[in-house]
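Trainee: Pasting a structure below so you can have a look.
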Amino acid sequence: MPREGRFLRPESLKAITPRPAGKPLPGDGESRKSWSQPPDAGSGDGSGGSSGGGQPDDPIPKSLDEVKKRLKAGAGGNADVIIREFEAGPEKVHMLLVYVDGLVNKSLIDQHIIAPIIRAGGYGGHAVTSSDFSSPVDLGKRVLTIGQVKVEDRFHRAEMAYCTGSTVLFVDGAGQGLSIDTRGWEKRAVTHPETERSTRGSREGFVETLSTNLALVRRHVKDPALRVETTSVGQRTHTTVAIIWIDGLTNPALVDTVRQRLKAIKVDGVIESFEIEYYLKDDPWTLFPLIRGTERPDFSARELLDGRLLLLVEGSAFGLIAPATIRDFYRTTDDYVHNYMTVTLTRIVRLVASFLVLFLAAGYVALIDVHPELIPTDLAISIAGSREGVPFPGIVEVILMLLVFEILHEATLRLPGMMGPTIGTVGGLVIGQAAVQAKIISDVMVIIIALQAVAVFTPPSIEMSLAWRVLLWGSVFTAALLGIYGLVLYSVLLIAHVSGLTSLGVPYTAPNAPPSSTGQKDNFIRAALYHLKRRPGYIHPQDRVKRGRYDQPAAQPPKGAAPEARRGDGGGGAP
0 MPREGRFLRP ESLKAITPRP AGKPLPGDGE SRKSWSQPPD AGSGDGSGGS SGGGQPDDPI
60 PKSLDEVKKR LKAGAGGNAD VIIREFEAGP EKVHMLLVYV DGLVNKSLID QHIIAPIIRA
120 GGYGGHAVTS SDFSSPVDLG KRVLTIGQVK VEDRFHRAEM AYCTGSTVLF VDGAGQGLSI
180 DTRGWEKRAV THPETERSTR GSREGFVETL STNLALVRRH VKDPALRVET TSVGQRTHTT
240 VAIIWIDGLT NPALVDTVRQ RLKAIKVDGV IESFEIEYYL KDDPWTLFPL IRGTERPDFS
300 ARELLDGRLL LLVEGSAFGL IAPATIRDFY RTTDDYVHNY MTVTLTRIVR LVASFLVLFL
360 AAGYVALIDV HPELIPTDLA ISIAGSREGV PFPGIVEVIL MLLVFEILHE ATLRLPGMMG
420 PTIGTVGGLV IGQAAVQAKI ISDVMVIIIA LQAVAVFTPP SIEMSLAWRV LLWGSVFTAA
480 LLGIYGLVLY SVLLIAHVSG LTSLGVPYTA PNAPPSSTGQ KDNFIRAALY HLKRRPGYIH
540 PQDRVKRGRY DQPAAQPPKG AAPEARRGDG GGGAP
């Protein structure tokens, strides 16, 4: 994909100002029209421009026969698109319903669309004039008993409506249609998050249905200032993307930046949230994740309250939190429900594990193959004894074991049910033991690779774990070529690269560089909740204070007080 300069040289978030209305986006040109994003009926920006493939002057025909002809020529010619014709009213006005089987709740159509129209047409003593039936607006206001109804006057918008799960009602001679929300497809139940398990937090995780995910977020943030804006991305998939933030808390420049980048996406389709993440990243070519993915509504709510924004993609069970710094990928929801000393220890363990992933096997290769003179005598004798009879150098041992680990990892992901963990454990033990007995690898190498295989999945974020899995290969080959000097050079280049990254204009290394005293309270260590009074300053929230001073309103009761007095329920009278 083309590397777009505006994503690679972002301004700092503090310096970003909202783009004036009407100013074109970078890259607009003669091909812009063919890639313009389709309109979304639920979009919060109120845009009403043309959609990809649709024309601005595309009115709905007044003749119902012409409507049927156009439907048959388009998506309505498919086997799963149901076209239902009927007559209603004293004048027997012709009407036509269109919906996609499998995307709608048929009971809603029967009970709240067809039945009210038939009853209002003269059955049950509720006759109305024929003028009511010739006007879709009157039908929507006076007859239909369903919640969300919208009048459409463009044919391509009506097509988009029934392709996304709504039911469209056409009336002969009206030149308009009613888009009626009847979505009711099968969906997965809310279950425990698979990749972000918690010992004490919520047991709810995002699912693939956008409306369900929005409801899960609102259950945690019951604030009228919570804003949800939807847009459609993809020339053919028309995937709905929701931008969620808290008005008066989140920096409006951050929301404006995300909105512009979503509108600038030129792609046929979006199936998963990672595709959106790619276009939002300031540097799409870096290996490090710059947008935090999560499947936890409670963690998403906590990040919203810190001043970040959340993106939810229809069809994806992972939300996107932006901006994100490198320390955000080492935080979990458990970090805020346990004692701060326990959390601090856990965070240090995570960082040590990442260090081991990068330098444990690489350091072994550097010492064994390049700098054996640096090994202490007793340790050198022990290692030499374990390597007796092994014909390969250290780098070959590491490569063989890393390949075995990667193969077992991929196999366990594909095997069904409980077979995956069983095969992975048994396969690792059998292969490792057999390789040691055959003198292909040493005992020390089995220990190193086993420890590294466990440490690579210690980061709470799967995106960061995948990044370390790739980077460890670079450290191993560098150590084999240049030894300790190569590892130092590799570390310097890695630190320089990370220091130059930004996430939507926010330095990736914040709050360490640039340093922030407020951010250090929730960085490598986590201070007590009493001290976490301010939101992270590096994302520039509109409201910095999130926790007021707390003084306990009452002292402990005296030890000799009567039970009734200690109870505090008003029953302090004499016995």
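In this text, residue positions in the sequence shown follow numbering that gives the first Met the number 0: the first is 0, and each later residue adds one. Note that beta-carbon positions come from the ideal geometry of N, C-alpha and C, so glycine has one too. Source: prediction; values computed, not measured.
(1) Here's a check: name, in chain order, each residue in its chain whose Cβ is nearer than 7 Å to the Cβ of P375, leaving out the five neighbours to either side.
(2) For S353, report the span of its beta strand (DSSP E) as first-last.
(3) In the DSSP output, what is Y98 paired with across the bridge?
(4) Hey, is the stretch 105–123 in contact with the stretch 60–79, meaning 3+ C-beta pairs nearer than 8 Å?
(5) Taking the alpha-carbon of T239 as reference, which of L289, V364, R346, L261 has the nearest alpha-carbon?
(6) Would you call the stretch 500–518 and the stretch 530–545 touching, i.e. three or more CB-CB distances under 8 Å?
(7) Mind reading off the beta-carbon distance from Q541 to L248? Whole number of angstroms is fine, and I expect it under 8 Å.
(8) What is the C-beta distance between L470 and A361, in whole angstroms, given that I count them as a contact (C-beta under 8 Å)?
(9) My understanding is that V220 touches A241, with C-beta atoms under 8 Å, so please give their C-beta distance in whole angstroms.
(10) If we count the other Cβ atoms within 10 Å of its Cβ and call it buried at 16 or more, is K186 buried or exposed?
(11) Whether or not the stretch 423–433 and the stretch 321–334 are in contact is what I'm after, with contact meaning three or more pairs of Cβ atoms, one per stretch, closer than 8 Å; do they touch?
(12) How close, in whole Å, do the beta carbons of W244 and L357 come, if the pair is a contact with beta carbons under 8 Å?
(13) Would you grab the beta carbon distance between L350 and Y329 for me? Rounded to a whole angstrom, and I think it's under 8 Å.
(14) Within 8 Å, do at least three Cβ pairs link the stretch 181–195 to the stretch 268–287?
(15) What whole-angstrom Cβ distance do L488 and L481 have, given they're in contact under 8 Å?
(16) Hey, does N338 have any beta-carbon neighbour from chain C nearer than 8 Å?
(17) If T331 and P459 are in contact, beta carbons under 8 Å, what's the gap, nearest whole angstrom?
(18) What first and last residue would you give for the alpha helix (DSSP H) that runs through V216?
(19) Nearest-angstrom Cα distance between I380 and T345?
(20) Closest to T457 by C-alpha separation, out of T208, Q432, S353, would be which residue?
(21) Taking E151 as part of the beta strand (DSSP E), name the residues at either end of that continuous run.
(22) Using 10 angstroms around the beta-carbon of A365, count the other beta-carbons present and answer buried if the total reaches 16, otherwise exposed.
(23) For V312 and I483, what's the separation of their Cα atoms in angstroms?
(24) Note down the Cα distance separating R120 from A252, rounded to an integer number of angstroms.
(25) Applying the 10 Å Cβ sphere with the 16-neighbour rule, what's the burial state of V257?
(26) Between the stretch 377–397 and the stretch 433–451, are three or more C-beta pairs nearer than 8 Å?
(27) For the pair the stretch 153–171 and the stretch 84–101, tell me if three or more CB-CB distances fall below 8 Å.
(28) Determine the DSSP secondary structure at D180, reduced to helix, strand or coil.
(29) So, at 7 Å on beta carbons, what are the nonlocal neighbours of I422 in its own chain, with the 5 sequence-adjacent residues on each side left out?
(30) Taking the runs of the alpha helix (DSSP H) that are 4 residues or longer, which of them lie wholly in the stretch 213–267?
(31) What is the rounded straight-line gap between the Cα of G4 and the Cα of G499?
(32) Could you give the DSSP three-state label for K558: helix, strand or coil?
(33) Which stretch, first to last residue, makes up the alpha helix (DSSP H) that contains A114?
(34) May I ask you to report which of helix, strand or coil DSSP gives R543?
(35) In three-state DSSP terms, what is I367?
(36) Let me confirm a value: S464 is counted as buried when at least 16 other C-beta atoms fall within 10 Å, else exposed. Which label applies?
Mentor: In brief:
(1) Cβ neighbours of P375 beyond the five flanking positions: none.
(2) In the DSSP assignment, S353 falls outside any beta strand (DSSP E) and within the unbroken alpha helix (DSSP H) covering 339–364.
(3) Per DSSP, the beta bridge partners of Y98 are I81.
(4) The stretch 105–123 is not in contact with the stretch 60–79.
(5) Among L289, V364, R346, L261, the Cα nearest to that of T239 belongs to L261.
(6) Output reads yes: the stretch 530–545 touches the stretch 500–518.
(7) That pair is a contact at about 6 Å.
(8) Not quite, the Cβ-Cβ distance comes to about 10 Å (not below 8 Å), so this is no contact.
(9) V220 to A241, Cβ: 14 Å. No contact.
(10) When all chains shown are included, K186 counts as exposed.
(11) Verdict: no, contact absent.
(12) The distance from the Cβ of W244 to that of L357 is about 35 Å, inconsistent with a contact at the 8 Å cut-off.
(13) About 7 Å; that satisfies the 8 Å criterion.
(14) No, because fewer than three Cβ pairs between the stretch 268–287 and the stretch 181–195 fall closer than 8 Å, the two stretches do not touch.
(15) That pair is a contact at about 7 Å.
(16) The displayed structure is made up of one protein chain only, and chain C is not part of it.
(17) Yes, they are in contact, since the Cβ atoms of T331 and P459 sit about 4 Å apart, within 8 Å.
(18) V216 -> alpha helix (DSSP H) spans 209–219.
(19) Straight-line Cα distance between these residues: approximately 35 Å.
(20) Nearest of T208, Q432, S353 to T457, Cα basis: S353.
(21) Unbroken beta strand (DSSP E) run through E151: 148–151.
(22) Around the beta-carbon of A365, 16 or more other beta-carbon atoms lie within 10 Å, marking it buried.
(23) Distance between the alpha carbons of V312 and I483 is about 45 Å.
(24) Looking at the sequence itself, residue 120 is Gly, so the reference to Arg does not match. Computed Cα separation, rounded: 53 Å.
(25) By the C-beta density criterion, V257 is buried, having at least 16 other C-beta atoms within 10 angstroms.
(26) Flag = yes, the stretch 377–397 and the stretch 433–451 touch.
(27) Three or more Cβ pairs closer than 8 Å define a contact, and the stretch 153–171 meets that threshold against the stretch 84–101.
(28) Looking at D180 - three-state DSSP - the assignment turns out to be coil, as it is neither helix nor strand.
(29) Setting aside the 5 residues that flank it on each side, I422 is surrounded in the same chain by A410, T411, L414, each with a C-beta closer than 7 Å to its C-beta; the list follows chain order.
(30) Counting only unbroken stretches of 4 or more residues, the alpha helix (DSSP H) elements lying wholly within the stretch 213–267 are 251–262, in sequence order.
(31) Note that G4 scores a pLDDT of 43, beneath 50, so its modelled location is shaky; the value from the coordinates is reported in the next line. Each residue's Cα considered, the two are about 15 Å apart.
(32) Three-state result, K558: coil.
(33) Looking at the DSSP string, the run of the alpha helix (DSSP H) that includes A114 is 114–119.
(34) Coil at R543, not helix or strand.
(35) Three-state DSSP puts I367 in a helix.
(36) The residue in question, S464, is buried, as its Cβ has 16 or more Cβ neighbours within 10 Å.
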